[in-house]
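> For the sequence shown, our numbering assigns the number 1 to the initial residue and increments by one for each residue that follows.
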Amino acid sequence: MVVAPEPRSGHGRHRSATGLLRSLTPLVSERVDHEVDEPLFQRDPEYIRRQLSAVTRAVNLFSPEVRGGEHIPEAGPVLVVGNHSCLFFMPDVWMTALEVVRRRGVEQPAYALGYDLLFAVPGVGPFLRRIGTIPAGGPEAERALAQGALVLVYPGGDHEACRPWTARNTVDFGGHRGFVRLALRAGVPVVPVVTHGAHDAVVVIARGERLAHLLGLDPLRIKVLPIVLGPLGVAPVVTLPMPSAITVEFLPALDWRGYGPEAAGDETVLSQCYEQITDTMQAALDRLHAERSHPVLRGWWNLVHHGPRHLAVPAA
């Protein structure tokens, strides 16, 4: 999942592990530490080109509609901030990334901040690095912005991506304000991007915080183990997403540069900026919900009667 730039806990995180899986935690923790210590900026434009067709085919199953791409600057540093949905399937992320490529091409640097545990999964870490994902929580995002890159972040992380289905139309960053500090320190515009319909594709009953704690996943910064309703009934993370119709809309940029880098330590400014962007995104999500109701029904109808809606592969 793509997450907020909150501070990483550092090495040795397994020492306080408790719970049913505590014996496995040190092994996973060491693997995470090793992967985080790998060279960070390994983005490969040619590799990205080769993935565009497959990614486009995958998101076309969700009757995708993308709006407001003109709000993405064609060049220069920018922080793109989105609401996160649909567990680890992340169609919102892929649709957003495709539009970024369509707008800026693949040669200009663009990165997404990712949960560091993902880099420890065999085969996944190298893939993430080559498409431009960097671990969240360290100085890497600020370095990327200083080099003129676009950086994509989903501050709600797994807290938001695993929220209950009843809260599917709520922007929930969980109070994470690291992205605000990042934008203020770097002095870059902030482009909000709102996704509607993605979280309708999965029926999450509960985040499963207690289950995650019982299994001893806290030292790995895994706070949720979602309980979902799927074809096999109610179970932890055993389901496939429904072909819900998903709309992604980029909003006009917010400019906080007038506050200056020192405002990154001002709690009042942090709160004002946080409230501004969450209020702006919630208003957009409310509008999309009113306009694009019943996304699962529309998605199934489109799939059955018209076939998948086709976004064109970005010309890169």
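Every residue gets a Cβ at the ideal spot worked out from N, C-alpha and C, and that includes glycine.
1. What residues are listed by DSSP as bridge partners for LEU79?
2. Return helix, strand or coil for TYR47, following the three-state DSSP convention.
3. On the DSSP bridge assignment, give the partners of ALA206 in chain order.
4. Can you list, in chain order, the residues of its chain with a C-beta nearer than 7 angstroms to that of ILE205? Leave out the 5 residues immediately preceding and following it.
5. So THR133 packs on TYR111, CB below 8 angstroms; how close in whole Å?
6. Compare the Cα-Cα distances from THR239 to each of VAL203, ILE246 and LYS223 and report the closest residue.
7. Between the C-alpha atoms of CYS273 and LEU254, what's the straight-line distance to the nearest angstrom?
8. Just to confirm, is the Cβ distance from PHE62 to PRO252 under 8 angstroms?
9. Nearest-angstrom Cα distance between SER271 and GLY299?
10. Cutting at 7 angstroms between CB atoms, please list the residues of its own chain near ARG103, excluding the five before and the five after it.
11. What are the boundary residues of the beta strand (DSSP E) that PHE250 is part of?
12. Exposed or buried, VAL93, counting other C-beta atoms within 10 Å across all chains shown (16 or more means buried)?
13. DSSP state of ARG13, grouped into three classes?
14. Considering just the uninterrupted stretch of the beta strand (DSSP E) at ARG130, what are its terminal residues?
In brief:
1. For this step, residue 79 is matched to residue 79 along the sequence shown. Per DSSP, VAL151 and VAL190.
2. Here the question's residue 47 lines up with position 47 in the sequence shown. TYR47: helix per DSSP, three-state reduction.
3. Residue mapping note: residue 206 aligns to position 206 of the sequence shown, counting from 1. Paired residue(s): ILE227.
4. Counted from its first residue, the sequence shown places residue 205 at position 205. Cβ neighbours of ILE205 beyond the five flanking positions: PRO164, ILE227, VAL228, LEU229 and VAL234.
5. For this step, residue 133 is matched to residue 133 along the sequence shown. For this step, residue 111 is matched to residue 111 along the sequence shown. Correct: roughly 7 angstroms between the Cβ atoms.
6. If you number the sequence shown from 1, residue 239 lands on position 239. Of the candidates VAL203, ILE246 and LYS223, the one whose C-alpha sits nearest the C-alpha of THR239 is VAL203.
7. Counted from its first residue, the sequence shown places residue 273 at position 273. Counted from its first residue, the sequence shown places residue 254 at position 254. Each residue's Cα considered, the two are about 9 angstroms apart.
8. Position 62 of the sequence shown holds residue 62. Position 252 of the sequence shown holds residue 252. In terms of Cβ geometry, PHE62 and PRO252 do not form a close pair [threshold 8 angstroms].
9. Within the sequence shown, the letter at position 271 stands for residue 271. Within the sequence shown, the letter at position 299 stands for residue 299. Distance between the alpha carbons of SER271 and GLY299: 37 angstroms.
10. Within the sequence shown, the letter at position 103 stands for residue 103. Correct list, in chain order: GLY69, ILE72 and GLU74.
11. Reading the sequence shown from its first residue, position 250 is the one you call residue 250. First-last of the beta strand (DSSP E) with PHE250: 247-250.
12. Position 93 of the sequence shown holds residue 93. Buried, since its Cβ has 16 or more Cβ neighbours within 10 Å.
13. The count along the sequence shown starts at 1 and reaches residue 13 at position 13. In this prediction, ARG13 scores a pLDDT of 43, lower than 50, which makes its location untrustworthy; the coordinate-derived value is nonetheless stated afterwards. In the structure shown, ARG13 sits in a helix (DSSP, three-state: H, G or I).
14. Position 130 of the sequence shown, counting from 1, holds the residue named residue 130. That residue, ARG130, is in no beta strand (DSSP E); its alpha helix (DSSP H) goes 124-131.
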